[in-house]
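**Student:** Below is the structure I would like to discuss, written out as structure tokens.
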Amino acid sequence: MVTQVKGHWLGAGLLCLSWWLPGVAMAVALSVTDDRGEILSFERAPQRIVSLLPSLTETVCALGECQRLVGVDRYSNFPAVVQRLPKLGGGMDPSIEAVVALRPDVVLMARSASGVDQLINLGVKVLVLEPKTEADLKRVWLTLGQLLQVNNAPGVWQSMEADVAAVANAMPASAKGQRVYFEVSPGPYAASEASFMGQNLARLGFKNIVPAQWGPFPKLNPEFVVRANPDLILVGEGSAEALRQRPGWSTLRALREQRVCVFTPAQADVLVRPSPRRAEAARLILDCWARLERPPS
Amino acid sequence: MSPKPLTDALQAQGLSVHLGPKTAQNEVLHSVSLNVPAARWTSVVGPNGAGKSTLLKCLAGLLPFQGSVLWDDRPLATWTAKSRASHLAWLGQNQEGAPDLRVWDVVMLGRLPHQGWLSHDSDQDSAEVEQALRATQAWDWRERALGQLSAGERQRVLLARALAVQAAVLLMDEPLANLDPPHQMDWLHLVRSLVAQGRTVVSVLHEIPMALCADELVVMKEGRVVHQGQTADPKTHLALEAVFEDRIQVRSVQGQWVTLAKP
Amino acid sequence: MKAFLIKLSLIKFSLGWRWLLIGLCLVIGLVLIGLCVGSAGFETGLVDPRIVWEIRLPRTLGAWAAGALLGLAGALAQGLFRNPLADPYLLGSASGASLGVALALAAVGVRQAHFWFHLGLTGAAFVGALSAVWLTLVLSRGVAQTLRLLLSGVVVGVVLGAATQGVLWVAPESLQTLQAFILGSTAFVGWSAVWMMLGVGLPCIAVAVLLSKFLDGLSLGDDTAMSLGLRVVPLRWTLLAVLALCTATAVSQTGLIAFVGLAAPHLVRALVKTTHRLGLVLSSLAGGILLLAADILARGLIAPQELPVGILTAVLGGLYLLWLMHQGAMRLETGS
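Residue numbers (this note's numbering), protein chains in the order written: chain S, 105 to 401; chain Z, 9 to 271; chain Y, 31 to 366.
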């Protein structure tokens with residue numbers, strides 16, 4: 105919030121200055137600050153946008169400005185309309201030529217992507233945004249809302265928050281305090297409390313066996329999971345069958361009592377990606393819990 | 009001169025070798041025939057590229073060839089691998105490798121033809137190895153790694169390996185490489201004592217004066233045997249001078265045959 | 031019989047045998063430590079015996095067994111190719127295993143690819159590794175020339191590596207799992223993996239020790255080996271098969287662990303000059319010790335988080351080799 109206020113003031117100040125400084129062709133209309141702290145100025149809201157991060161693609165579309173996207177990365181797959189857009193390589197290693205050829209007004213990409221400097225040197229405006237937590241997501245939402253001059257972006261955010269809160273309230277009391285383990289990929293890599301989905305799970309009242317101080321996706325000793333003996337396991341369908349074969353894991357209560365939520369790759373996308381589909385992610389978990397709680401018919 | 013022995017240790021008849029596809033250019037030996045007398049020292053001489061090493065390898069059965077090679081009047085194919093290995097010992101040129109093996113272990117490899125896969129080194133094996141090491145003055149370094157030795161010392165160890173086989177026939181390709189003159193003389197005495205024991209020695213030597221100490225000489229040029237005969241025979245000397253394009257002369261100095269370069 | 035026993039009692043405990051004894055003691059010590067290291071770091075207190083029996087013991091033994099297989103394979107590779115820089119993966123088995131795993135991962139969603147799915151990642155890696163070696167042998171048209179074999183191995187490695195990248199491009203969601211495989215991991219080694227590795231490893235080392243004299247003879251060159259009565263071509267085929275089998279088994283259970291196969295024979299050579307009969311056994315032991323020590327550190331240093339074990343093997347093995355080189359104890363080239 106603070107940087108946006110500063111941005112507003114700076115924008116206003118520049119506007120005044122522009123009356124006095126010769127050589128400035130046009131007035132500066134808006135400016136935003138990105139994750140690097142860089143301030144980008146635009147004469148008007150960008151009409152041609154390239155997004156090189158799936159979560160940013162989803163955010164732009166959720167703000168209702170999907171039509172402004174002219175190109176996305178290979179991994180952007182939601183909503184369905186973006187799949188018809190030109191693919192510009194991976195998010196981490198985009199094709200610089202293809203990006204520049206689309207003449208974008210702004211390129212949205214992650215901090216950890218390569219090519220940021222190259223694009224800037226080629227005269228392209230780059231906005232570096234990489235949401236990893238809920239707080240990040242809110243900041244990105246408001247920044248993009250301001251950039252795209254979307255009315256009532258904060259309002260939409262509030263309603264999304266309300267949706268998530270509604271799902272959280274719908275969670276039965278039996279879920280409160282249940283100890284959960286979310287495996288992101290075999291390794292095993294777990295999602296801790298510090299990760300985006302970890303925060304989602306905490307919202308729904310679950311307790312993560314992996315605390316936040318180990319980073320968002322720590323590589324764990326499988327023995328830890330056995331000793332922690334979680335009440336609920338969340339895992340992608342690729343690894344689900346193999347869980348029981350792991351040495352010592354057959355003793356896990358969650359496996360013996362079938363308290364496992366298995367997600368398809370599409371569902372895993374919703375859960376793992378820090379995107380505006382938080383309510384949908386929460387609903388996936390709610391549905392799974394409800395299925396597990398239902399007495400066998 | 010001692011009378012010619014009754015048998016030949018090795019015989020080659022119509023030996024032809026191609027390196028690579030069988031074309032005329034690739035023929036290295038052109039239908040070579042020769043007899044190596046038993047219990048004698050025969051030396052193969054000739055200019056570079058004459059095919060001396062190739063001939064030696066064929067006689068040892070290490071290269072595919074056309075024609076026939078006979079050991080003790082029996083074709084090579086009738087000898088089993090083990091009988092071949094214990095009958096004929098081979099010392100090749102520019103031997104590589106084994107820098108981490110102890111000298112003792114390297115020479116013990118020479119006893120392989122007499123050992124089974126799992127058998128330990130018997131007392132006789134150890135005795136033969138010791139004898140071979142002493143004969144080449146390498147006994148003091150038996151615990152050292154081969155890689156720690158100088159080139160000349162390594163050559164003596166490899167020679168000891170060939171001796172340890174206790175074979176009836178020894179084929180040696182450039183055995184004097186890296187050896188200084190005193191050790192070259194030691195080698196000479198060694199060969200003479202082997203022949204005195206009744207063994208057959210065939211060597212390829214670059215050093216003509218040393219080759220002229222042999223009993224028989226095989227003179228080669230461009231893949232053919234130009235002459236084979238006793239070293240003392242003047243015809244042999246003429247053949248030798250001819251293959252080196254008459255740029256050397258063979259003379260007797262103090263009872264030894266030496267070569268003099270023609271000015 | 032009596033003579034044999036008398037001979038046995040008179041065995042001079044040469045340096046090699048002494049190191050063997052030291053190595054065995056080290057293994058026992060490391061196994062005991064391994065049983066005490068878990069998700070809470072090093073703990074000597076009472077732990078649920080099921081944890082020890084079902085998780086820690088098989089993982090510890092499995093790490094040692096995988097390292098032993100790699101150490102043996104490395105010693106075989108260096109002996110067969112007379113090259114101190116040879117490692118078990120030089121015939122393309124690493125790339126083959128990666129491709130097998132990549133295909134198996136990509137086929138998870140594809141219903142027609144049930145064969146791969148049932149094979150599992152372990153089976154896919156094993157089949158991939160062996161297929162790559164077979165391809166190398168076909169390309170080099172036999173084992174008569176070692177240079178051609180090495181070149182074929184490089185070609186197969188590069189081509190299959192590119193194919194793996196291609197599969198990843200089509201199915202990018204498998205990237206993280208494949209990277210974990212490439213880094214190597216002992217995290218899920220259970221009893222079945224241990225029996226598999228021992229079941230392959232023990233016959234392999236028996237065959238290798240039986241043929242150890244061949245490797246010694248080979249070190250003097252192919253010609254000399256032939257003149258000593260060794261049938262170079264069939265024996266080379268046999269030992270290459272042993273090499274491929276050991277590597278494929280290790281890789282299928284623990285992924286591509288780097289450096290163990292390369293470093294173990296060097297460590298042995300730096301400590302003792304011996305023929306292959308004892309050298310192969312010592313290399314195997316050294317490889318096991320290296321990987322087991324790395325695995326213990328991987329689990330213990332930042333417990334309950336884990337470091338990738340491949341990084342630790344490179345650090346441990348590399349540091350020790352550097353120290354040896356500094357000491358001047360190593361001669362990688364023959365000197366005069």
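In this text, a Cβ means the ideal position worked out from N, Cα and C, and glycines have one as well.
#1: Of the residues that make up the segment 242–262 of chain Y, which ones have a beta carbon closer than 8 Å to any beta carbon in chain Z?
#2: For Leu240 (chain Y), return the contacting residues in chain Z, with the cut-off set at a CB-CB distance below 8 Å.
#3: Are Val174 (chain S) and Arg152 (chain S) closer than 8 Å when you measure CB to CB?
#4: Taking beta-carbon pairs under 7 Å, can you tell me which members of the segment 291–307 of chain Y lie near chain Z?
#5: I want to verify the contact list: residues of chain Y whose CB lies under 7 Å from the CB of Val66 (chain S), in sequence order.
#6: Between the C-alpha atoms of Gln142 (chain Y) and Val131 (chain Y), what's the straight-line distance to the nearest angstrom?
#7: What is the rounded straight-line gap between the Cα of Leu354 (chain Y) and the Cα of Arg299 (chain Y)?
#8: Suppose the cutoff is 8 Å on Cβ atoms and the five residues either side in sequence are ignored; what does the same chain contact list for Val330 (chain S) look like?
#9: Rounded C-beta distance between Ala344 (chain S) and Val364 (chain S)? I'm assuming under 8 Å.
#10: Please say whether Ile200 (chain S) and Gly219 (chain S) have beta carbons closer to each other than 8 Å?
#11: For my contact list, Leu231 (chain S) and Ala149 (chain S) are in at a C-beta cut-off of 8 Å; report their separation, rounded to the angstrom.
#12: For the beta strand (DSSP E) containing Asp108 (chain Z), name the first residue and the last one.
#13: Rounded to the nearest angstrom, how far is the Cβ of Thr207 (chain Y) from that of Ser289 (chain S), given a contact under 8 Å?
#14: Which value, in whole angstroms, describes the spacing of the CA atoms of Leu45 (chain Y) and Lys303 (chain Y)?
#15: On the criterion of 16 or more Cβ atoms from any shown chain inside 10 Å, does Lys243 (chain Z) qualify as buried, or is it exposed?
#16: When DSSP builds the beta bridges, which residues end up paired with Tyr293 (chain S)?
#17: Between the C-alpha atoms of Ala155 (chain Y) and Asp108 (chain Z), what's the straight-line distance to the nearest angstrom?
#18: What are the residues in the segment 327–357 of chain S lying within 7 Å of chain Y by C-beta distance?
#19: Rounded to whole angstroms, how far is the Cβ of Ile341 (chain Y) from the Cβ of Ile63 (chain Y), which I believe are closer than 8 Å?
#20: How would you call Ala146 (chain Z), buried or exposed, if buried means at least 16 neighbouring beta carbons within 10 angstroms?
#21: 8 Å is my cut-off, CB to CB: does Gly100 (chain Z) come that close to chain Y?
#22: Over what stretch of residues does the alpha helix (DSSP H) that includes Lys243 (chain Y) continue unbroken?
#23: Using the DSSP secondary-structure output, state which residues sit across from Gly109 (chain Y) in a beta bridge.
#24: Going by other Cβ atoms of all chains shown within 10 Å of its Cβ, with 16 needed for buried, is His214 (chain Z) buried or exposed?
#25: Within a Cβ cutoff of 7 Å, which residues of the same chain sit near Val185 (chain Y), ignoring the five residues on either side of it in sequence?
#26: Work out the CA separation of Val219 (chain Y) and Val284 (chain S) for me, nearest whole Å.
#27: Please determine if the segment 219–228 of chain Y and the segment 31–42 of chain Z are in contact, where contact requires at least 3 C-beta pairs separated by less than 8 Å.
#28: Leu351 (chain Y) to Val209 (chain Z), Cα distance in whole Å?
#29: In chain order, what residues of the segment 228–259 of chain Z put their CB closer than 7 Å to some CB of chain Y?
#30: Can you tell me where the beta strand (DSSP E) with Lys229 (chain Z) in it begins and where it stops?
#31: Taking just the CA atoms, how far does Phe289 (chain Y) sit from Gly22 (chain Z)?
#32: Taking Cβ positions, are Glu203 (chain Y) and Pro292 (chain S) nearer each other than 8 Å?
#33: Ends of the alpha helix (DSSP H) at Ile212 (chain Y)?
#34: Just list the beta strand (DSSP E) runs in the segment 219–248 of chain S, keeping only unbroken ones of 3 residues or longer that don't cross its boundaries, in chain order.
#35: Does the beta-carbon distance from Gly249 (chain S) to Leu156 (chain S) come in below 8 Å?
#36: Would you mind reading off the limits of the beta strand (DSSP E) that contains Asp181 (chain Z)?
**Tutor:** For this structure:
#1: With the criterion set as a beta carbon lying under 8 Å from some beta carbon of chain Z, the members of the segment 242–262 of chain Y are Lys243, Asp246, Gly247, Ser249, Leu250, Gly251, Asp253, Thr254, Met256, Ser257, Leu258, Gly259, Leu260, Arg261, in sequence order.
#2: In chain order: Trp125, Leu126.
#3: Judged by their CB atoms, Val174 (chain S) and Arg152 (chain S) are nearer to each other than the 8 Å cut-off.
#4: Per Cβ criterion, the list reads Arg299, Lys303, Thr305.
#5: Shown here, chain S extends from 105 to 401; a query on residue 66 (chain S) therefore has no answer.
#6: For Gln142 (chain Y), the predicted structure reports a pLDDT of 48, less than 50, and the residue's modelled location is therefore unreliable. A value from the coordinates is still provided. So the two alpha carbons sit approximately 17 Å from each other.
#7: When the Cα atoms are used, Leu354 (chain Y) and Arg299 (chain Y) turn out to be separated by approximately 11 Å.
#8: Answer for Val330 (chain S): Gly352, Trp353, Thr355, Leu356, listed in chain order.
#9: 7 Å between Cβ atoms; contact.
#10: Ile200 (chain S) sits close to Gly219 (chain S), with the two beta carbons spaced by under 8 Å.
#11: With 8 Å as the limit, Leu231 (chain S) and Ala149 (chain S) do not qualify as a contact, their Cβ atoms being about 13 Å apart.
#12: Secondary structure note for Asp108 (chain Z): it is in no beta strand (DSSP E), with a DSSP letter that is neither H nor E.
#13: That belief holds up - the Cβ atoms of Thr207 (chain Y) and Ser289 (chain S) are roughly 6 Å apart, short of 8 Å.
#14: Approximately 8 Å between the Cα atoms of the pair.
#15: Exposed, since its Cβ has fewer than 16 Cβ neighbours within 10 Å.
#16: Paired residue(s): S:Ser289, S:Lys323.
#17: Here the alpha carbons of Asp108 (chain Z) and Ala155 (chain Y) stand approximately 35 Å from one another.
#18: Of all residues in the segment 327–357 of chain S, only Glu327, Phe328, Val330, Arg331, Gly342, Arg350, Pro351, Gly352, Thr355 place a beta-carbon less than 7 Å from a beta-carbon of chain Y.
#19: Their Cβ separation, rounded to whole angstroms, is 20 Å, which puts Ile341 (chain Y) and Ile63 (chain Y) out of contact at 8 Å.
#20: Ala146 (chain Z) is classed as buried because its beta carbon has at least 16 other beta carbons within 10 Å across all chains shown.
#21: Output row for Gly100 (chain Z): interface = yes.
#22: That run of the alpha helix (DSSP H) goes 242–248.
#23: Answer by DSSP bridge pairing: none, since Gly109 (chain Y) is not bridged.
#24: Here His214 (chain Z) is exposed: its Cβ has fewer than 16 other Cβ atoms, across all protein chains shown, within 10 Å.
#25: Contacts found: Leu169.
#26: Rounded to the nearest angstrom, the two C-alpha atoms are 24 Å apart.
#27: The segment 219–228 of chain Y, when compared against the segment 31–42 of chain Z, does not touch it at the 8 Å Cβ threshold.
#28: Cα-Cα distance, rounded: 46 Å.
#29: So the list is empty, because no residue satisfies the distance condition.
#30: The continuous beta strand (DSSP E) containing Lys229 (chain Z) extends over residues 224–229.
#31: Between Gly22 (chain Z) and Phe289 (chain Y), the alpha-carbon positions lie close to 53 Å from each other.
#32: No, the Cβ-Cβ distance between Glu203 (chain Y) and Pro292 (chain S) is not below 8 Å.
#33: Boundaries of the alpha helix (DSSP H) harbouring Ile212 (chain Y): 205–213, taken from the DSSP string.
#34: Counting only runs of 3 or more residues that sit fully inside the segment 219–248 of chain S, the beta strand (DSSP E) segments are 230–232, in chain order.
#35: Taking 8 Å as the cut-off, the beta carbon of Gly249 (chain S) is found no closer than this to the beta carbon of Leu156 (chain S).
#36: Per DSSP, the continuous beta strand (DSSP E) segment holding Asp181 (chain Z) begins and ends at 177–181.
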